[in-house]
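Residue numbers (the working numbering), protein chains in the order written: chain H, 187 to 623; chain E, 187 to 623; chain P, 187 to 623; chain L, 187 to 623.
Beta carbons: idealized from backbone N, C-alpha and C, even for Gly.
Keep in mind it's a predicted model, so treat the numbers as computed, not measured.
Read through the structure below, which is laid out as structure tokens, and then see the notes.
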């Protein structure tokens, strides 16, 4: 009966919803939701669980933001583990740590919520509804740390539901349904896609795009990566994303440049897919295009300028001359072409320092560096004037970096990074590193 | 990139396995598996988790029974929760039951196994491997109750992975791939299918067959149900499963008879799908064939003769005359046609008693009755000479029963059954019930 | 191995082409094509026909317009029937009209071209190449009637290849691949689609779009129709095509309005699909939406104003008063709102006259009327201010017409129309008809 | 709306048929068919052609053999070209051979049947119905040569409809729907398949099977080929078709053996697909398994023993000694193991003579040799005791032959064969050839 599209399903749910709403006197949405949750957990749930779950999912889809927050509170408060039972179970296990007491304890630790959420998931659209519900929860959590318990449980479920083994790896191109393609325009987080013509360019014959999907969210990519097939490692982003750009020459490409990776579902924050996606794409490209031998990113350096500001604010450092320090302390050097040009050598050196050595909690300061180095990539090249967009100039003075994924070195790089904090660096970048004075 | 078939995947895995095995000196399988599990849980797992998981899955597929048991023991012993950590966490929470201490406790209760099993699941075939692994585990558990902890965790995972929301409902007919159809022949548990010609009959135009599948086990039905479209409620099984049977008349069918439901995966014992499947089939048939108005089973009564034996062994009862008692205490009445015929009224009455009133722990003694009544069906009719096969005679003196699924009464029936132990019975069957003397 | 997309195929062909072009010295394209045609018809063609055909198709795809015309001339001249053989065969049959002489004559009438074109069709993209080749041929034919023979043969082949039995009927919606959707924007011939957002509106939940495809042109619709689901028969086009339009009310639609039908392939001119498409859409909608009871078009009246001009130019007519005549002879009445308003009754009357009675060669003058009445539709209603666009005002003073497809009357209407020239007209439109003075 | 299966379609047609048949008084089938044909060609056909065609197809499906023959006669007699019109057109063209007179002649040569058959083809199942209709026609033609005209027209249509460009090349394996697989069992013409277990073996991992399908006959292969992947060129058929056979060793295969090619549709006799299929399979295997370097058949030699009988009956020949002649003239040598063994050298030599030199009308006598040599294959090896089945012994004394398809030599072999009658022969086989005395 094939893959049923999300949107069609949602349209059907909306119809269904209307029908439910037409049913005479009913409760305000949060109370109605409470009633449905109770029914779903009670004996009624066994007989008509799917129908109840469907009704609840429809209700959730139509809830106002305020009602949604009320629903989250209800989940947090009314379906939490029973402290008395947990206390009894903990004491029983401590007194006699047998299999039996352990099993009772394990059950007591689990909140009724977990069961409830599993039952909601029986309905078409249930998974999607819960992914969306986590968005306001993540917002709320900033100020209400007690919600961490609820979030931990939801994340626990998501980790299981969105296990790598359940994800579907798919190529996206101009043959992909529009309902998916429009999500790319909406979700592209690194280099904005300006409408359908721009998207068409991004999916041209010298490009590849891949995504992970989940069986229950068929029209919703979870994460996607955009790849350009090039001769040599690309040093600049503008030629790649220029809508008018065409494959410069007919020479067969030898390099795949990952120039944009976007997570699509805010509700899945903390469930990581990027690592798996990059490796699967490397495999897919090696199979399709055996002549591609080099796999690298062309990545932004989002924290670079901010780090320089912090460094110079701290006063003299052992890798800046006084003149450099004086120049950098004066704002505007990143966006002023002349000043920037004069700083080229300085900035290249600082960037190597920033990427290779600047760290917090033993890990690279730069979040993009952290991600790729943690995946086993190496820092291959720093590119002057790699991104001359406003954003590029402001965040990294136009510099970009290539992280390289060498299939033969990924594991070793990763292990060295995780165990010893060692960063894999090319000779070229190493030579930029400032000598400690 | 579409649905990749399990068998093709398994073939690919076998190839892969050969390749791994070709790699020089290696450990005995259980030790190698241990090494891989450690690697998978360690930092290596983050870099190349999918590859390690794949290697482990291949190894599991090729293991001898003995090695498989050794592997189960290893899981049970070496990846259990750390008692010291759990003790500390339990005490901390008891001393100060805050969110923080709760989260620590919840984590300490969870064994490393859970994480390990989730990581194994990243590999293609991982889910299948674990479903298969549970088969010997269930065997072992009979004599080794301490394995219940491991099994509880696996069942916990399976409950999440095989959530109704992830199951795919599919019609099975002569257009279904042979790789799936042969599973029907293998798994049919109620009325054996004797080869492909017999199967073809079961999938004829006056039949329907539906199954649940899971995205990661594309060639493996989880459960399937066989349906015959008839005029009126069928009273006998032989005409339905006779290979030479043809639709008797051209009159449009008005009834759907569910005459066989088979669970396919022993490793999923305890994860129930039947309830959902029957309801979904009712919905599917109502849509496809609006003229079908009656949905009923034609079911065996597996415990009937055994129960009579127990009853008569106990001596006089208030629903048996002395003559009946005397006759039934003499073995052979069920399979001797003449004696059976003489007992028709008695047996019909006893069967009503058995199905409606005989109970243990407040639930019907008969397992099939328990299943359908629990789902909200009612006992519609008891059929004399419903199943004259050897098995049918031996287990129920040839009697069969129709349970009826009336969409309008399912919820009410279920609730009455669960809350008050009330069994929904047709007037016809009620009239058979013995008057208490 | 599934449906292979046209564009992917074309990309592959382009690659292939490059490879062929890289092969050293070769002939100018038309001569090279001649060589390939000869090889294809000769013994070489039996051994490697598909490869030769592929090479020829690639060559055709890359030809300049001039070369393409040279190729058409070559087909017309060098692969025509052999007059001597035809003369001999005709004489032989005339002398002795037996099966044998007939078969020889039938073969002699057929030109070698037919065989050649069939062989070109063996290559992927062959059908598409020939459909495109017919475009310049149709242009050339206007001034060179001798090309009619070639065209008749190509049309003969196309009639066979594009037989209704080979067409695939598909619904088009937002789940359709972008590569097909962009064709809708390109090919919409009645009410222009202004980009993707506009297209999205046209494919909204209260809309339907259906098309015919051919197996060898998977990304190319042959014809498509746009349908709006409404309450009652729509009288105005602007509310339907307004990009901001939303379904006005929640009431379930009872009417399907066909508001745009576009043929997509100029090369298939004369091979008609519209008749089949409309009837199939009626069937599809009756199945999907049983509550839809009325099927009608909202159609332009492209020849209306031109016909009025012709009528008034001819002088007094028996259905125009002198005042009307005087007003209509003065240009500008169609686009001047005040003058038009004053003419409402006159124009409605004239429009009924034009659609029902104005004819040439015994068929309605208006091409759209000719099409729908020939299909068995009736004239249901004439709508004042149905299309206030510039084009609508200029061609029909803003009037539009609904043709109604009543499944129960299509055959009778069609027969009456074809045999007796009788036009099916609603009472409403009939009442508008001018009394003959 | 996807691919709709033939069987489902046929079931639907049967339903439809029942409904038509329920309609009160109707004509005997052939007369009813005549009425429908007339309606289809008349004006009614334009309005409701598809419905009429569908009705006719249903009627054809349900016709008795006798009615079917009556229908063929009707087609032959009542829808033939009009001799008067043809005569007039022929004379007009002879008098003035212009485009206009040619077009009239071309139209007059075409019989109304052609148009009729094209219209029947509009219905679902129309193509299938006509393919089936040609089966009795081919039978009848043997004794009624006047039917050749009708058959020529049908073949003309089929050539167009079953053009290589419209065929779909598909791999067949254990994932193929049963409705297709059962056709393999039914249609295998070379080495019988004994049921499903045997079929399963033929589709094992060391095997490949490919077929051509046509879009309108989705469940019906047109032709299929069975391939074994082996080390070296297989010399014996029994090990390949033994149901218990397993891939002997783990060594990667380097050779693809085409051991069975079966045409499936008797109604398509004379429309050849085999040539295309073999070449496409070679391409597919080169892509899937780049290590396969050799492509060869393991073929029967159906005419060998019969040819020897003819040769020895003729008396002394220049490649047989008197002793050989004496032995071979005595029946039974082919099936008597001892006599056959004594003749090994003689038979090998004779087989080379038979395959390489024995010809009729300038083409090889052996039909299988004719097919493969005509396709550009070479005779690679003659195998003693290649097929020890009864059939193998009787037709070729157990000998089999490998024809080799070397992608680099196919065209040259074919051209030499077609132009000069030259047969490509390996050195090994050449060395067997008898020296002319």
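Where residue i falls, given that 16 or more other Cβ within 10 Å makes a residue buried
i: residue 530 of chain P; result: exposed
i: residue 235 of chain P; result: buried
i: residue 621 of chain L; result: exposed
i: residue 265 of chain L; result: buried
i: residue 572 of chain H; result: buried
i: residue 250 of chain L; result: exposed
i: residue 282 of chain H; result: exposed
i: residue 418 of chain E; result: exposed
Within chain L, the residues that residue i reaches when beta carbons sit closer than 7 Å
i: residue 413 of chain E; result: Going along chain L, no residue has its Cβ under 7 Å from residue 413 of chain E, so there is no contact; the nearest lies around 17 Å.
i: residue 317 of chain P; result: Within chain L, no residue comes near residue 317 of chain P; the closest Cβ sits about 12 Å away, beyond 7 Å.
i: residue 382 of chain E; result: 382
Contacts that residue i makes with chain P (C-beta to C-beta distance below 9 Å)
i: residue 335 of chain L; result: 285, 288, 289 and 292
Contacts that residue i makes with chain H (C-beta to C-beta distance below 7 Å)
i: residue 332 of chain E; result: 285
i: residue 586 of chain E; result: Residues of chain H passing the Cβ test: none, with the nearest at roughly 25 Å.
i: residue 307 of chain E; result: 349 and 351
Same chain, Cβ closer than 7 Å to residue i, five either side skipped, listed in chain order
i: residue 275 of chain L; result: 290, 291 and 294
i: residue 555 of chain P; result: 541
i: residue 318 of chain L; result: 453
i: residue 608 of chain P; result: 602
i: residue 574 of chain E; result: 424 and 584
i: residue 216 of chain L; result: 253, 256, 257 and 260
i: residue 510 of chain H; result: 532
i: residue 355 of chain H; result: 396, 398 and 466
i: residue 633 of chain H; result: Summary: the structure shown does not reach residue 633 of chain H, with chain H confined to residues 187 through 623, and so no result is reported for it.
Neighbourhood of residue i by C-beta, 6 Å cutoff - its chain only, sequence neighbours within 5 removed
i: residue 387 of chain H; result: 429
Per-residue contacts from residue i into chain L (C-beta, under 8 Å)
i: residue 304 of chain P; result: 345, 346 and 349
i: residue 482 of chain P; result: Correct list: empty, because the minimum Cβ distance to chain L is about 18 Å.
Partner residues on chain P for residue i, Cβ-Cβ distance less than 7 Å
i: residue 401 of chain L; result: 352 and 401
i: residue 276 of chain L; result: 276, 279 and 280
Cross-chain neighbours of residue i in chain E, by beta carbon under 9 Å
i: residue 133 of chain H; result: With chain H covering only 187 through 623, there is no way to say anything about residue 133 of chain H.
Neighbourhood of residue i by C-beta distance below 8 Å, restricted to the same chain and skipping five residues each side
i: residue 323 of chain E; result: 258, 333, 336, 337 and 340
Members of the region 342–371 of chain H near chain E, C-beta cut-off 8 Å: 343, 345, 346, 347, 349, 350, 351, 352, 354, 355, 356 and 357
Would you list, in sequence order, the uninterrupted beta strand (DSSP E) runs of no fewer than 3 residues that lie entirely inside the region 420–487 of chain P? 441–449 and 480–483
Scan the region 357–413 of chain L and note each continuous alpha helix (DSSP H) run of 4 residues or more that stays entirely inside, going in chain order. 364–373 and 381–388
Could you name each continuous alpha helix (DSSP H) segment of 4 residues or more that falls completely within the region 239–317 of chain P, going from the start of the chain to the end? 251–264, 269–281, 285–295 and 298–306
Any residues in the region 259–273 of chain P with a beta carbon nearer than 7 Å to a beta carbon of chain L? Which ones, in chain order? Listed in sequence order: 269 and 273.
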